[in-house]
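**Student:** Got a structure for you, questions after.
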Amino acid sequence: MKKILFTFLTLIFASMSQSNAQQKNLENTLYIDLKYGRVVIEMMPQIAPNHVERIKTLARQKFYDGIVFHRVIDGFMAQTGDPTGTGMGGSKLPDLKAEFSDEPHVRGAVSMARAGNPNSGNSQFFIVTHDSRFLDSQYTVWGRVVKGMEFVDKIKKGAGKSGSVSDPDVMLKVRVAADIDKK
């Protein structure tokens with residue numbers, strides 16, 4: 581009888597732990613809906629807690645909905661998050677202090693864009709499409725694409741080295757998974 585009770589309690593606790601882990605995962609998962617499909621990003625609060633919190637705050641405010649990919653350089657990255665679409669704008673929130681880590685800028689890495697000052701990240705970010713290790717320890721990586729890189733690859737590319745895009749693709753909707761995948 582004791583063995584049965586012990587086994588039953590163990591199963592209950594294991595189930596509760598798994599449920600908490602799933603909820604934590606959803607809280608740190610970002611969905612970006614493009615006209616091509618959904619991009620799923622695993623956010624990394626363990627290495628960039630303030631940047632992850634900022635992205636979640638802005639997503640929950642629907643700040644990113646309808647914002648364009650204003651700078652897309654073939655063989656490098658796709659940049660978005662500027663409400664003006666010029667590369668010069670940001671949110672009304674204060675800039676963030678850099679949270680550099682050893683996380684590499686490889687295909688699928690998601691990193692905060694910034695001006696010359698390392699502590700000037702605000703709302704703009706970029707998705708790395710080809711390994712760009714020269715950016716390591718200079719920009720804050722806060723996530724990685726775990727599904728949908730084929731959709732990132734379809735984002736309209738900009739002209740020349742500037743990557744400026746005419747008639748750019750947009751982020752239709754950006755949401756924290758926990759806010760829409762509630763059971």
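So the numbering used here is basically just the index in the sequence shown, starting at one, shifted up by 580.
Don't be surprised by glycine CBs; every beta carbon is placed ideally from N, CA and C.
#1: Grab the span of the alpha helix (DSSP H) containing ALA693 for me, first residue to last.
#2: Quick check on HIS710: buried or exposed, where buried means 16 or more other Cβ atoms within 10 Å of its Cβ?
#3: Might you give, ordered along the chain, the residues of its own chain that have their beta carbon closer than 7 angstroms to the beta carbon of THR738, omitting 5 neighbours on each side?
#4: Where does the unbroken alpha helix (DSSP H) through ILE612 begin, and where does it stop?
#5: Taking C-alpha atoms, which residue in ASP613, ASN699, THR660, ARG694 lies nearest to PRO748?
#6: What is the DSSP secondary structure of MET729, counted as helix, strand or coil?
#7: Rounded C-beta distance between SER681 and VAL721? I'm assuming under 8 angstroms.
#8: Tell me, please, whether the CB atom of VAL725 is closer than 7 angstroms to any CB atom in chain C?
#9: Would a C-beta distance cut-off of 7 angstroms place VAL754 and ALA628 closer than the cut-off?
#10: Start and end of the beta strand (DSSP E) containing ARG755?
#11: Helix, strand or coil: how does DSSP classify GLU622 here?
#12: Compare the C-alpha of LEU673 against each of GLU607, PRO625, SER703 and name the closest.
#13: Tell me the DSSP secondary structure of PHE643 in three-state form.
**Tutor:** The relevant details are as follows:
#1: Residue numbering aside, residue 693 sits at position 113 when the sequence shown is read from its first letter. Taken as a continuous stretch (DSSP letters only), ALA693 belongs to no alpha helix (DSSP H), as it is neither H nor E.
#2: Taking the first residue of the sequence shown as position 1, residue 710 is located at position 130. So HIS710 ends up on the exposed side.
#3: Within the sequence shown, the letter at position 158 stands for residue 738. Per the sequence shown, residue 738 should be read as Gly rather than Thr. Closer than 7 angstroms at Cβ, skipping near neighbours: ARG651, VAL652, ILE653, SER744, VAL745.
#4: Taking the first residue of the sequence shown as 1, we reach residue 612 at position 32. Premise fails: ILE612 lies in the beta strand (DSSP E), 609–614, not in any alpha helix (DSSP H).
#5: Here residue 748 corresponds to residue number 168 of the sequence shown, with the count starting at 1. Closest by alpha carbon: THR660.
#6: Residue mapping note: residue 729 aligns to position 149 of the sequence shown, counting from 1. Reduced to three states, the DSSP call for MET729 is helix.
#7: By 1-based counting over the sequence shown, the position of residue 681 is 101. By 1-based counting over the sequence shown, the position of residue 721 is 141. Rounded, the Cβ-Cβ distance is 6 angstroms, consistent with contact.
#8: In the structure shown, chain C cannot be found, because there is only a single protein chain.
#9: Here residue 754 corresponds to residue number 174 of the sequence shown, with the count starting at 1. Here residue 628 corresponds to residue number 48 of the sequence shown, with the count starting at 1. Not closer than 7 angstroms, so no.
#10: Taking the sequence shown and counting its residues from 1, one reaches residue 755 at position 175. First-last of the beta strand (DSSP E) with ARG755: 753–756.
#11: Translated into the one-based positions of the sequence shown, residue 622 becomes position 42. GLU622 sits in a strand when the DSSP states are folded into three classes.
#12: Position 93 of the sequence shown holds residue 673. The residue with the shortest Cα to Cα distance from LEU673 is SER703.
#13: One-based indexing of the sequence shown puts residue 643 at position 63. PHE643: coil per DSSP, three-state reduction.
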